[in-house]
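S.K.:
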Amino acid sequence: MTTSTDTTQQDERAALDVAGLTVVGRPSDVEIIHDVTLRVARGDILGLVGESGSGKTTLGLALLAHCKRATEITAGSIALSGAALDPGDAAAVRRMRGRRVAYIPQSPASALNPALRLGTQLREALHDSGADGGEATDAEAAARRRAVAGDPQERVREVLREVALPDDDAFLRRYPHQLSGGQQQRVAIAMAFIGCPDLIVLDEPTTGLDVTTQAHVLQTIRHMTREYGTAGVYISHDMAVVADLADEIAVMYRGEVVERGPADRLLGDPQHPYTVQLLRAVPILKTAGHTAPEPAGEDGPLLRVRGLRAGYGRATVLSGIDLDLARGQCVALLGESGSGKTTLSRSLVGLHHQFTGEVVFDGDPLAPSSYRRTAEQRRRVQYIFQNPYEALNPRKRVRDLILRPYTHLAGQPQDPDAVVATALERAALPASYGERFPDQLSGGERQRVSIARAIATRPDLLICDEITSALDVSVQAEIVELLRNLQSDGMALLFVTHNIALVSNIAQHVAVLNKGEIVEYGDVGTVMSAPTHPYTQALIADTPDFELSFGESPLHRPATKSAPGGD
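The UniProt record's numbering numbers the first residue of the sequence shown as 1 and each following residue consecutively.
#1: Skipping 5 residues on each side, what residues in its chain have a beta carbon closer than 6 angstroms to that of Gly47?
#2: Enumerate in chain order the residues of its own chain whose CB-to-CB distance from Asn393 is below 7 angstroms, with the five nearest sequence positions on each side excluded.
#3: By the 10 Å Cβ neighbour count, where 16 or more other Cβ atoms means buried, how is Asn113 classified, buried or exposed?
#4: Closest to Ala79 by C-alpha separation, out of Leu63, Ala90, Ala91 and Gly88, would be which residue?
#5: So, helix, strand or coil for Arg260, using DSSP?
#6: Which same chain residues end up closer than 8 angstroms to Pro430 when comparing Cβ atoms and leaving out the 5 residues on each side of it in sequence?
#7: Could you give the DSSP three-state label for Met191: helix, strand or coil?
#8: Short check: CB of Val480 to CB of Ile518, under 9 angstroms?
#9: Quick one: give me the first and last residue of the alpha helix (DSSP H) that Gln537 is part of.
#10: Kindly give me the distance between the Cβ atoms of Asp460 and Arg373, rounded to whole angstroms, as I take these residues to be in contact under 8 angstroms.
#11: Note down the Cα distance separating Val24 from Asp35, rounded to an integer number of angstroms.
#12: Throw me the rounded Cβ distance for the Cys464 and Ile384 pair, which I believe falls under 8 angstroms.
#13: Classify Leu278 as helix, strand or coil using the three-state DSSP reduction.
#14: On the CB-based measure, 16 or more other CB atoms within 10 Å of its CB, does Arg395 come out buried or exposed?
#15: Please tell me whether Ala188 and Pro166 are closer than 9 angstroms, where the distance is taken between their beta carbons.
#16: My assumption, with CB atoms under 8 angstroms, is that Asp388 sits in contact with Arg446. Please give the rounded CB distance.
#17: In or out: Arg226 buried (at least 16 other Cβ within 10 Å) or exposed?
#18: Name the two residues that bound the continuous alpha helix (DSSP H) containing Ser129.
#19: Beta-carbon within less than 7 angstroms of Pro301's beta-carbon, same chain only, minus the 5 sequence neighbours each way: which residues are those?
#20: Checking the sheet assignment: what are the DSSP bridge partners for Gln382?
#21: With a CB to CB cut of under 8 angstroms and the five nearest residues on each side skipped, what residues in its chain are close to residue 606?
#22: Rounding to the nearest angstrom, what Cα-Cα distance links Ser129 and Ala83 in this structure?
#23: Go ahead and pull the three-state DSSP assignment for Thr207.
#24: Can you tell me whether DSSP reads Ser319 as helix, strand or coil?
#25: If you reduce the DSSP assignment to three classes, tell me which class Ser236 lands in.
#26: Taking the C-alpha atoms as reference points, what is the distance between Val276 and Pro270?
Written out as structure tokens, the structure is:
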């Protein structure tokens, strides 16, 4: 392991002290986590980064003395402020969870009971933590818990104020489904901090949140760890977020911590080849232009939208949308959750037919419903869904997933194998993947199959709805490079995203959507460097970002493929 810290010089009273932790899978005895050693001081946040399958979540759960099914902690020790957390002592582990260590999951739905009001859940969390009068195992922890002891109801209101939520009775009577995603995540944070634990494990708590909500959640996490002297282990594949939040970063690869050090040092001078590769895959927010391919020349727009209004029942979601998209051009549709991005993209492809206005494709009007569009129109306008795990039928082989829509829209192919092989090749997958099932593929490979299925019919317009939001940064970079290659072949792209850093790496123009209206539209370089609307300015300001000092991102140069190296 490469490290720039000397553990012998660290605080002997670290909030978290892990030595030689090993987790194996049963019955194969394959090591999932190998000999991990970590220390985190009070009030500090350790960013735990790595791609899917690197062991981040398994390690995070092990810090709570919890193992997934068919896994077991076989070696090592875990101490919280000097108190041993023994996985073999179930009773002791139950006493320490909530009091010594707390967990914030990726989805707040996993932390909140949909059948209980918020006030009830917060009071239960306070009781379970022991902060309402329970024992504390050292003097410092006892002092912190005495500071929040007293009237349980007042403590509940206090922690809600600390996470910037209302503390009135009306809010406490709400159910989780009556909150936005960001509010739900802040309630989950409040539940974790309500008992002043020594350690908080945060498992990608901002994945899927828009940048403004994400910024508020990260600010809350940073404030709470400093306020209570609580150590944090922040698990993420988003290096920009970790760079913005963490004091120290540990990089995981194949179950091992291959590099660890202060955030500034590791980001500025990474030592391990895998760390270098991971950082180079991060899209860099640029505000002075872009390097996306130039669009092919066209006399008129391929897609023309005028005065589009859409909604659900009586609720209006989109109002007065005007948009042009030329062949070979990419327009990024940028906005927060709930701004209307998905409704607009689904309207254009005919999946949401409750809209009025004019949608003209290559000179011909498009009917609101895909059922009323010709097969040729449906062939030429394709849609890629956000979640590749839900978009692919798990019972069908990849070749069948590609051939079925092709046959429906373009007719029976003379050479089905050639159609499958060509589509997979354009999506940077070998032809042999045609015989696989979705559960034999990684998340990035599934998304490539979704792209292959969409481009098999040779469409002229590809609508991409948040297709990189759940992918690792290296896989995300590969998908963006693939889309840029398709764009250079003359395909038009509508790229729906809330990730501003991606916009300047793929699009020529950007449309900023807020509350159902396009509030700013223009060239990417102009909008990124000199935004005129306050909403756009706030989005850019809230986006976590960092600049590489050791090399440039592959999103700004020809892509190269290399395997991680080093020990």
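Glycine included, C-beta positions come from ideal geometry on N, C-alpha and C.
M.R.: For this structure:
#1: Locating residue 47 in the sequence shown gives position 47, where the first residue counts as 1. The residues are Tyr234, Val242, Ala246 and Ile249.
#2: If you number the sequence shown from 1, residue 393 lands on position 393. Hits under 7 angstroms: Leu401.
#3: Along the sequence shown, one-based indexing puts residue 113 at 113. Its Cβ having fewer than 16 others within 10 Å, Asn113 is exposed.
#4: Here residue 79 corresponds to residue number 79 of the sequence shown, with the count starting at 1. That would be Leu63, whose Cα lies nearest to the Cα of Ala79.
#5: Position 260 of the sequence shown, counted from the start, is the residue given in the question as residue 260. In the three-state reduction of the DSSP assignment, Arg260 falls in the strand class.
#6: Position 430 of the sequence shown, counting from 1, holds the residue named residue 430. Contacts found: Leu424.
#7: Within the sequence shown, the letter at position 191 stands for residue 191. Three-state result, Met191: helix.
#8: Taking the sequence shown and counting its residues from 1, the one referred to as residue 480 is at position 480. Taking the sequence shown and counting its residues from 1, the one referred to as residue 518 is at position 518. The answer is no: Cβ separation not under 9 angstroms.
#9: If you number the sequence shown from 1, residue 537 lands on position 537. Where Gln537 is concerned, the enclosing alpha helix (DSSP H) stretches over Pro534 to Asp542.
#10: Numbered from its first residue, the sequence shown carries residue 460 at position 460. Numbered from its first residue, the sequence shown carries residue 373 at position 373. Going by Cβ atoms, the distance from Asp460 to Arg373 rounds to 14 angstroms, so no, they are not a contact pair.
#11: Position 24 of the sequence shown, counting from 1, holds the residue named residue 24. Position 35 of the sequence shown, counting from 1, holds the residue named residue 35. Spanning the alpha carbons of Val24 and Asp35 requires a straight line of approximately 11 angstroms.
#12: What you label residue 464 is simply residue 464 of the sequence shown in a count that begins at 1. What you label residue 384 is simply residue 384 of the sequence shown in a count that begins at 1. Your pair Cys464 and Ile384 checks out as a contact, with CB atoms roughly 5 angstroms apart and the cut at 8 angstroms.
#13: As a position in the sequence shown, residue 278 is number 278, starting the count at 1. The DSSP-derived three-state label of Leu278 is helix.
#14: Translated into positions along the sequence shown, residue 395 becomes position 395. With fewer than 16 other Cβ atoms inside 10 Å of its own Cβ, Arg395 counts as exposed.
#15: Mapped onto the sequence shown, residue 188 falls at position 188. Mapped onto the sequence shown, residue 166 falls at position 166. No, Cβ-Cβ distance for Ala188 and Pro166 is not below 9 angstroms.
#16: Position 388 of the sequence shown, counted from the start, is the residue given in the question as residue 388. Position 446 of the sequence shown, counted from the start, is the residue given in the question as residue 446. Residue identity check: residue 388 is Pro in the sequence provided, not Asp. 4 angstroms between Cβ atoms; contact.
#17: As a position in the sequence shown, residue 226 is number 226, starting the count at 1. Exposure of Arg226 is indicated by the presence of fewer than 16 other C-beta atoms within 10 angstroms of its C-beta.
#18: Residue 129 sits at position 129 when you count from the first residue of the sequence shown. Here the alpha helix (DSSP H) through Ser129 covers Leu118 to Ser129.
#19: In the sequence shown, residue 301 corresponds to position 301, counting from 1. Excluding sequence neighbours, Pro301 sits near Asp324, Leu325 and Ala326.
#20: Position 382 of the sequence shown, counting from 1, holds the residue named residue 382. According to DSSP, Gln382 shares a beta bridge with Leu462.
#21: Outside the displayed span of the chain (1 to 567) sits residue 606, for which this structure offers no information.
#22: Sequence index remark: in the sequence shown, residue 129 carries index 129 (1-based). Sequence index remark: in the sequence shown, residue 83 carries index 83 (1-based). Approximately 16 angstroms, taken between the alpha carbons.
#23: Translated into positions along the sequence shown, residue 207 becomes position 207. DSSP places Thr207 outside both helix and strand once states are collapsed to three, so it counts as coil.
#24: Sequence index remark: in the sequence shown, residue 319 carries index 319 (1-based). Assigned with DSSP and collapsed to three states, Ser319 falls in strand.
#25: For the purposes of this step, residue 236 is identified with residue 236 of the sequence shown, where counting begins at 1. Three-state DSSP puts Ser236 in a strand.
#26: Here residue 276 refers to the residue found at position 276 of the sequence shown. Here residue 270 refers to the residue found at position 270 of the sequence shown. Their Cα atoms are separated by approximately 6 angstroms.
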